[in-house]
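The listed protein sequences correspond, in order, to chains A and B.
Counting from 1, position 90 in the first sequence corresponds to residue 89 in numbering that gives the first Met the number 0; the numbering is continuous, with no gaps.
Counting from 1, position 16 in the second sequence corresponds to residue 15 in numbering that gives the first Met the number 0; the numbering is continuous, with no gaps.
Beneath this line is the structure, given in C-alpha cells, with notes to follow.
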Amino acid sequence: MMRVTLDINGREHAAEVDPRMLLVEFVRRCAGLTGTHVGCDTSQCGACTVHLDGIAVKSCTVFAAQAEGHAVTTIEGVSPDDGLSPLQAAFKEHHALQCGFCTPGMIMSALDMIRRGAATDEQAVRAGLEGNLCRCTGYQNIVAAILAGAAAMAEG
Amino acid sequence: MHPYRYHRPGSLAEAEEVLAGDGDPRPLAGGMSLIPVMKHRLAAPSDLVDLAAIGGLTGITVEPATLGIRAMTRHAAVAASPSVRERIPALAALAGGIGDPLVRNRGTIGGSLANNDPAACYPSAVLALDAEIVTAGRRIPADNFFLGLFETALEPGELIVEVRFPVPAAASYRKFPNPASRFSVVGVFVARLADGAVRVAVTGAGPCVFRVKAFERALAASFAPGALADLSVAADGLTSDIHGSAAYRAHLIGVLAEDAVADCA
Chain A
0 MMRVTLDING
10 REHAAEVDPR
20 MLLVEFVRRC
30 AGLTGTHVGC
40 DTSQCGACTV
50 HLDGIAVKSC
60 TVFAAQAEGH
70 AVTTIEGVSP
80 DDGLSPLQAA
90 FKEHHALQCG
100 FCTPGMIMSA
110 LDMIRRGAAT
120 DEQAVRAGLE
130 GNLCRCTGYQ
140 NIVAAILAGA
150 AAMAEG
Chain B
0 MHPYRYHRPG
10 SLAEAEEVLA
20 GDGDPRPLAG
30 GMSLIPVMKH
40 RLAAPSDLVD
50 LAAIGGLTGI
60 TVEPATLGIR
70 AMTRHAAVAA
80 SPSVRERIPA
90 LAALAGGIGD
100 PLVRNRGTIG
110 GSLANNDPAA
120 CYPSAVLALD
130 AEIVTAGRRI
140 PADNFFLGLF
150 ETALEPGELI
160 VEVRFPVPAA
170 ASYRKFPNPA
180 SRFSVVGVFV
190 ARLADGAVRV
200 AVTGAGPCVF
210 RVKAFERALA
220 ASFAPGALAD
230 LSVAADGLTS
240 DIHGSAAYRA
250 HLIGVLAEDA
260 VADCA
C-alpha cells in the first residue's frame with residue numbers, strides 16, 4: 000500500500016491505495032466523483048477521459064500514483080455549480096447523447112480539443128474524437144454539439 | 000494485474016539503481032502499452048520505475064543537420080512541434096497518426112522504441128531515417144537496435160534518453176491502419192537522406208521492423224514510384240492474422256512504398 004494525494008478539481012484527496020489502483024478508480028472510489036465512467040477498462044472507449052494538467056487522458060490507463068503532483072480535472076470540475084457550461088449546453092441543445100454513458104468522456108476530450116484550437120471543422124472534430132466511442136448516436140450530433148460549443152466558448 | 004512496487008525517482012542514476020535491483024523491475028514511460036499488458040497479466044513486473052519525474056527527458060532540440068527528440072517526449076508534442084513539422088514533416092505526421100489523441104497525450108517516443116511492438120509506427124521512422132538511439136552510456140545506430148519481436152539492443156535497465164534523427168532530403172510515411180487500434184497493418188517509411196542514400200523501412204508486416212533493400216537499390220537509381228513497378232516483396236515470413244494474410248501484407252508493402260515515394264516527389 001502507498002499513500003497517494005491527488006489534486007482533483009482543486010481539492011486535495013488523500014488515500015492509502017494499492018499501487019495497482021488506476022486513476023479512474025481513485026477518482027470514483029476515493030474521491031467519490033462518479034461522473035467519470037469506466038467503459039472498457041482497456042484504453043479503447045474514452046469514457047474515463049479526465050484532464051491531467053489540462054491535457055485529456057484515459058484515466059483507466061494511468062496509475063493513481065502517476066497523477067500525484069499533477070492537477071486532475073474531471074467532468075465535475077468543468078460543470079458550474081448550477082446550470083451547464085456552454086459545451087454541456089450545446090450537447091443538450093443538439094441532442095448529442097442518448098444513453099449518456101460516453102458523454103463525460105466526450106465533453107472532456109472536446110474541451111481539450113477546443114482549447115487547443117483543434118475543433119475547427121467537422122473533419123477535425125471527428126479526428127479529435129478517435130479515442131472516444133459512442134454506441135448510440137452515430138456521432139453526428141456529438142460533432143454538431145462540439146462545433147456549436149466551440150463557437151459559444153469563442154464568444155465567451 | 001499482479002502486485003508491483005511503484006517508484007518515482009528524480010534522476011537517471013536513481014532510476015538505474017532501482018532497475019538494477021532484484022526481481023523484474025521495468026521502466027514506465029507513458030504506459031500506453033505497458034499498463035494494458037499488465038492488466039492482461041502478459042507482463043508482471045516486480046517494480047515499476049516511473050520516469051516522469053526525471054528532469055531533462057522531454058523536449059526537441061534542433062541542430063543544423065539533426066533533430067534530437069528526448070525520450071519522454073509525448074507523441075502529441077512531436078506531432079505539434081513546429082521544428083519537426085518544418086524539418087521532418089513525415090515524422091510529425093507519423094506521430095500524429097499513432098493511436099488516438101488521448102493515447103498521443105501520454106505515449107512517448109522512448110517507450111514506443113523500447114517496446115518495439117511489431118506494428119508500432121516509430122520504429123519504421125527510426126530505421127528509415129538512420130536515426131541514433133542515445134542511452135546513458137552509448138549511441139546505438141538504428142540498424143543495430145531492433146532485434147526481433149519486442150526485442151531491442153537495450154540491456155536490462157538501460158534507458159533511452161534521446162533519439163537523434165538526421166534531417167533527410169525527403170521522407171514520407173504511409174500506413175494501412177487497423178481501423179480500431181490504428182496500429183499499422185502495414186506501414187512503410189521511405190526516406191531519401193541528405194547524402195542521397197535511400198532507405199525503406201516496413202512495420203506491421205512481420206515480427207520486427209525491417210528494410211527492403213531491393214526497393215532501396217531501385218530507388219537509389221531512380222527515385223520515382225515507377226522504379227518499384229517490377230519489384231515485389233516475398234510473403235514468406237510475413238505476418239498472417241485476422242487483419243490480413245502474408246500475401247496481402249506483401250502486396251500492401253509495394254503499394255504503400257509507391258505512395259510514399261510519390262509523396263516525396
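Even for Gly, the Cβ is constructed at its ideal location relative to N, Cα and C.
Owing to the predicted nature of the structure, the values given are computational and were not obtained by experimental measurement.
Query, Result
"Limits of the unbroken alpha helix (DSSP H) element including aspartate 262 of chain B", "245–263"
"Residues that isoleucine 241 of chain B contacts on chain A, provided the C-beta gap is smaller than 8 angstroms", "Those do not exist, as isoleucine 241 of chain B stays about 17 angstroms from chain A at its closest Cβ, beyond 8 angstroms."
"Neighbourhood of aspartate 262 of chain B by C-beta distance below 6 angstroms, restricted to the same chain and skipping five residues each side", "Ser171"
"Glutamate 129 of chain A: contacting residues in chain B (beta-carbon distance under 7 angstroms)", "Asp99 and Pro100"
"As assigned by DSSP and simplified to three states, the class of glycine 104 of chain A", "helix"
"Nearest to alanine 70 of chain B (by Cα), restricted to the options B:Pro63, B:Leu11, B:Ser123 and B:Asp46", "B:Leu11"
"Near-chain B residues of the segment 39–58 of chain A (beta-carbon distance less than 9 angstroms), N- to C-terminal order", "Asp40, Thr41, Ser42, Gln43, Gly45, Thr48, Leu51, Ile54, Ala55, Val56 and Lys57"
"Proximal chain B residues relative to alanine 147 of chain A, where beta-carbon distance stays under 8 angstroms", "Those do not exist, as alanine 147 of chain A stays about 20 angstroms from chain B at its closest Cβ, beyond 8 angstroms."
"Cα-Cα separation, proline 18 of chain A to glutamate 75 of chain A", "25 angstroms"
"Tyrosine 121 of chain B at chain A interface by Cβ criterion, 8 angstroms", "no"
"8 angstroms Cβ cutoff met for alanine 152 of chain B and leucine 146 of chain B", "yes"
"Contact between the segment 59–67 of chain B and the segment 83–100 of chain B (3+ Cβ pairs under 8 angstroms)", "yes"
"DSSP-derived helix/strand/coil call for glutamate 33 of chain B", "Residue identity check: residue 33 of chain B is leucine in the sequence provided, not glutamate. If DSSP states are grouped into helix, strand and coil, leucine 33 of chain B belongs with the helices."
"For arginine 181 of chain B, the first and last residue of its enclosing alpha helix (DSSP H)", "From DSSP, arginine 181 of chain B is part of no alpha helix (DSSP H); its letter is neither H nor E."
"Alpha-carbon to alpha-carbon, alanine 19 of chain B and glycine 156 of chain B", "6 angstroms"
"Where asparagine 177 of chain B meets chain A, residues with beta-carbon distance less than 8 angstroms", "Residues of chain A passing the Cβ test: none, with the nearest at roughly 12 angstroms."
"Assigned secondary structure, valine 56 of chain A (DSSP; H/G/I helix, E/B strand, else coil)", "strand"
"Neighbouring residues, chain B, relative to proline 18 of chain A (Cβ below 7 angstroms)", "Tyr3, Arg4 and Tyr5"
"Amino acids of chain A, ordered along the chain, whose beta-carbon sits closer than 8 angstroms to that of methionine 71 of chain B", "What methionine 71 of chain B touches in chain A: nothing, since even the nearest Cβ is about 13 angstroms away."
"Inter-stretch contact at 8 angstroms, needing at least 3 Cβ pairs: the segment 24–43 of chain B / the segment 124–140 of chain A", "no"
"Cβ-based burial, lysine 91 of chain A [other Cβ within 10 Å; buried from 16]", "exposed"
"Closer than 8 angstroms to chain A by CB, proline 26 of chain B", "no"
"7 angstroms CB neighbourhood of glutamine 97 of chain A in its chain, flanking five on each side removed", "Cys135 and Thr136"
"Sheet register partners of histidine 69 of chain A (DSSP bridge)", "According to DSSP, histidine 69 of chain A bridges with nothing at all."
"Local conformation of leucine 21 of chain A per DSSP, three classes", "strand"
"From B:Val189, B:Ala118, B:Leu255 and B:Gly54, residue whose alpha carbon lies closest to that of glycine 203 of chain B", "B:Ala118"
"Aspartate 81 of chain A versus threonine 41 of chain A - alpha carbon distance", "34 angstroms"
"Proline 122 of chain B burial status per 10 Å Cβ neighbour count (16 or more: buried)", "buried"
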